[in-house]
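Protein chains in written order, with the numbering used here: chain A, 2 to 217; chain B, 8 to 333.
Structure first, commentary second.
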């Protein structure tokens with residue numbers, strides 16, 4: 002079932018709000034990230050310093066597009082800067098911060114979501130290309146208070162430590178199980194290799210995926 | 008990432024028109040978006056071509072296989088015809104990237120992949136491929152993963168694709184469509200060696216679109232397979248790799264198709280190895296003698312000398328696996 006939400010323009014990322022008495026953890030981190038991003042974007046290229054993204058947008062609005070997609074069963078119509086990744090759309094504009102930004106380069110899998118039922122790296126997906134797409138994130142797996150079997154299996158198997166990669170691991174695991182690549186621990190390892198876990202919980206992650214696949 | 012205009016082509020004609028005006032085609036986008044974020048790629052206009060009807064895998068009249076440019080890597084790898092007729096292609100695809108990336112990336116995009124050379128990806132480093140005339144930081148830099156074959160003083164970057172190695176071995180053809188019509192390019196001519204113009208990587212004309220990769224019919228039975236050697240067991244680019252296809256009849260090798268990856272500036276066909284095998288009877292000594300020619304002409308750099316021996320061993324091992332003798 003999908004509920005139609007009113008269209009809204011995605012606001013440009015805001016900087017630090019100095020009037021806020023005590024920034025929340027998320028505001029603090031978001032601000033730090035924005036500053037870090039500006040440093041990268043404003044780096045020295047070929048001997049010249051070029052304006053960062055926000056300066057460009059101040060001078061002339063960067064090209065943007067309107068796109069309608071379904072996220073966890075809810076239809077969303079947004080207007081986004083063409084550069085916006087699906088990951089940033091989810092995290093910064095739709096408030097779905099479950100999908101994580103690890104490498105932002107398709108190398109770690111922390112941002113894994115399902116697009117039309119298939120696991121994709123949200124960081125390498127431009128949001129403007131998702132017209133009509135159905136996206137499922139970690140937030141969309143549980144049914145009310147009932148966890149998805151793979152979420153429960155991660156708890157049963159104690160398949161995480163810091164938890165940062167876990168949303169991506171679980172969504173990727175759902176894809177892996179749907180694809181049928183769970184015939185052996187070795188097969189699960191190979192087909193889950195797009196998800197890196199710096200805590201090294203691989204043995205238990207493989208068990209959790211195997212446990213869930215076995216139940217189906 | 009620099010701002011860019013975005014348009015989605017609803018048919019081939021629309022795509023070609025946009026391409027002619029300088030638009031950059033995007034399919035899976037797994038390389039392009041990554042490099043745009045690094046500001047290595049700075050397209051002014053992206054043309055989304057995923058709506059074009061290039062998603063079919065078909066058996067050709069002559070018994071070959073035509074893989075549409077927009078077939079994803081995972082679809083191509085899992086396709087029953089690809090798996091049964093050319094296992095080397097399926098294996099090369101499944102040993103590439105990750106499940107997520109293979110769900111996104113397409114066959115056309117795969118052969119358009121740009122190098123993983125870290126200096127190419129670092130906009131503060133000298134790189135003739137990215138910034139012609141700026142020099143090559145890899146030549147005397149950290150070049151452990153770089154090429155030993157097909158290099159020039161201007162560029163030593165490897166071509167990263169595994170599937171392209173299989174296509175090169177099988178002597179595939181790239182189907183192109185441009186403003187002046189359709190044409191085909193033999194796979195080995197599609198990728199350009201760097202020479203003094205490493206910024207030119209493919210034999211594509213302006214606005215041309217890849218529509219398919221066609222693998223020719225080969226005599227049956229054909230045994231084939233792909234071996235990839237890398238720093239970790241999965242989700243890593245090749246240090247060396249070998250694509251091998253053999254047709255053995257009456258105890259004699261009648262057809263031999265061999266190419267190597269991870270070592271060349273382009274997918275590296277090994278005609279000297281193939282010639283050594285033709286007309287011979289499979290044996291351990293034969294594999295070894297043929298593979299000894301795999302690194303002919305190699306120009307190793309300071310940190311990748313090991314690739315010369317590793318390449319020979321990779322080819323020998325895969326000849327043994329596919330050829331089926333000790």
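Backbone N, C-alpha and C fix where the C-beta goes; we use that ideal spot for every residue, glycine too.
query: Can you find the residues in the same chain that come closer than 7 Å, C-beta to C-beta, to residue 205 of chain A, ignoring five residues on each side of it along the sequence?; result: 158, 159, 160
query: Run the CB neighbour count on residue 60 of chain B, radius 10 Å, all protein chains shown included, and call it buried at 16 or more, exposed below.; result: exposed
query: Buried or exposed for residue 163 of chain A, going by 16 or more other Cβ atoms inside 10 Å?; result: exposed
query: Using a C-beta cutoff of 8 Å, does residue 1 of chain A count as contacting chain B?; result: Only positions 2 to 217 of chain A appear in this structure, which leaves residue 1 of chain A out of reach.
query: Looking at C-alpha atoms only, which residue of B:321, B:268, B:300 is the closest neighbour of residue 122 of chain B?; result: B:268
query: If contacts are defined as beta-carbon pairs under 8 Å, then residue 106 of chain B and residue 233 of chain B qualify, I think. What distance do you get, rounded to the angstrom?; result: About 17 Å separates the two Cβ atoms, so there is no contact after all.
query: Kindly give me the distance between the Cβ atoms of residue 194 of chain A and residue 242 of chain B, rounded to whole angstroms, as I take these residues to be in contact under 8 Å.; result: 4 Å
query: Taking DSSP as the reference, what is the three-state secondary structure of residue 297 of chain B?; result: helix
query: Return the chain-ordered ranges of every beta strand (DSSP E) run that is complete within the stretch 173-208 of chain B and spans a minimum of 3 residues.; result: 180-185, 188-193
query: Kindly indicate which three-state DSSP category residue 248 of chain B falls into: helix, strand or coil?; result: strand
query: Comparing the CB of residue 258 of chain B with every heavy atom of the ligand GTP, is any distance shorter than 7 Å?; result: Ligands in the displayed structure: none, and consequently the ligand GTP is not present.
query: Please classify residue 101 of chain A: is it buried, with 16 or more other beta-carbons within 10 angstroms of its beta-carbon, or exposed?; result: buried
query: If distances are taken between C-alpha atoms only, which option among B:201, B:264, B:188, B:207 comes closest to residue 223 of chain B?; result: B:264
query: What whole-angstrom Cβ distance do residue 221 of chain A and residue 126 of chain A have, given they're in contact under 8 Å?; result: As shown, chain A starts at 2 and ends at 217. That puts residue 221 of chain A outside it, with no answer to give.
query: Can you find the residues in the same chain that come closer than 6 Å, C-beta to C-beta, to residue 132 of chain A, ignoring five residues on each side of it along the sequence?; result: 68
query: Name the two residues that bound the continuous alpha helix (DSSP H) containing residue 64 of chain B.; result: Premise fails: residue 64 of chain B lies in the beta strand (DSSP E), 64-66, not in any alpha helix (DSSP H).
query: Comparing the C-beta of residue 233 of chain B with each C-beta of chain A, is any distance below 8 Å?; result: no
query: Since residue 260 of chain B is in the alpha helix (DSSP H), which residue starts that stretch and which ends it?; result: Where residue 260 of chain B is concerned, there is no enclosing alpha helix (DSSP H), although the beta strand (DSSP E) it sits in stretches over 259-268.
query: Classify residue 292 of chain B as buried or exposed, calling it buried when 16 or more other Cβ atoms lie within 10 Å of its own Cβ.; result: exposed
query: Taking the alpha carbon of residue 125 of chain B as the reference point, which residue from B:133, B:116, B:297 has its own alpha carbon closest?; result: B:133
query: May I ask you to report which of helix, strand or coil DSSP gives residue 79 of chain B?; result: strand
query: Please report how far the alpha carbon of residue 302 of chain B lies from the alpha carbon of residue 175 of chain A, in whole angstroms.; result: 43 Å
query: Residue 13 of chain B to residue 323 of chain B, Cα distance in whole Å?; result: 48 Å
query: With residue 177 of chain B and residue 297 of chain B assumed to form a contact (beta carbons below 8 Å), what rounded beta-carbon distance in angstroms separates them?; result: Contact flag wrong, Cβ pair sits at about 18 Å.
query: Under a three-way DSSP split, which group does residue 163 of chain B fall into?; result: coil
query: Using 8 Å as the threshold, is the C-beta distance between residue 166 of chain B and residue 280 of chain B below it?; result: no
query: Give me the DSSP bridge partner(s) of residue 113 of chain A.; result: A:122
query: If the cut is a Cβ gap below 7 Å, which residues of chain B does residue 130 of chain A touch?; result: 55
query: Closest to residue 172 of chain A by CA distance: which of A:117, A:62, A:89, A:79 is it?; result: A:117
query: Beta-carbon of residue 1 of chain A versus every beta-carbon of chain B: anything under 8 Å?; result: No statement about residue 1 of chain A is possible, as the shown extent of chain A runs from 2 to 217 and does not include it.
query: In chain order, what residues of the same chain lie with their CB nearer than 8 Å to the CB of residue 77 of chain A, ignoring the 5 residues before and after it?; result: 6, 69, 70, 71, 95
query: Should residue 109 of chain A be labelled buried (16 or more other beta-carbon atoms within 10 Å of its own) or exposed?; result: buried
query: Put residue 166 of chain A into one of helix, strand or coil per three-state DSSP.; result: coil
query: Given this structure, state the Cα-to-Cα distance separating residue 153 of chain B from residue 153 of chain A, to the nearest angstrom.; result: 45 Å
query: Taking the straight line between their C-alpha atoms, what separation do you get for residue 81 of chain B and residue 165 of chain A?; result: 27 Å
query: Measure the alpha-carbon distance for residue 194 of chain B versus residue 313 of chain B and round it to whole angstroms.; result: 28 Å
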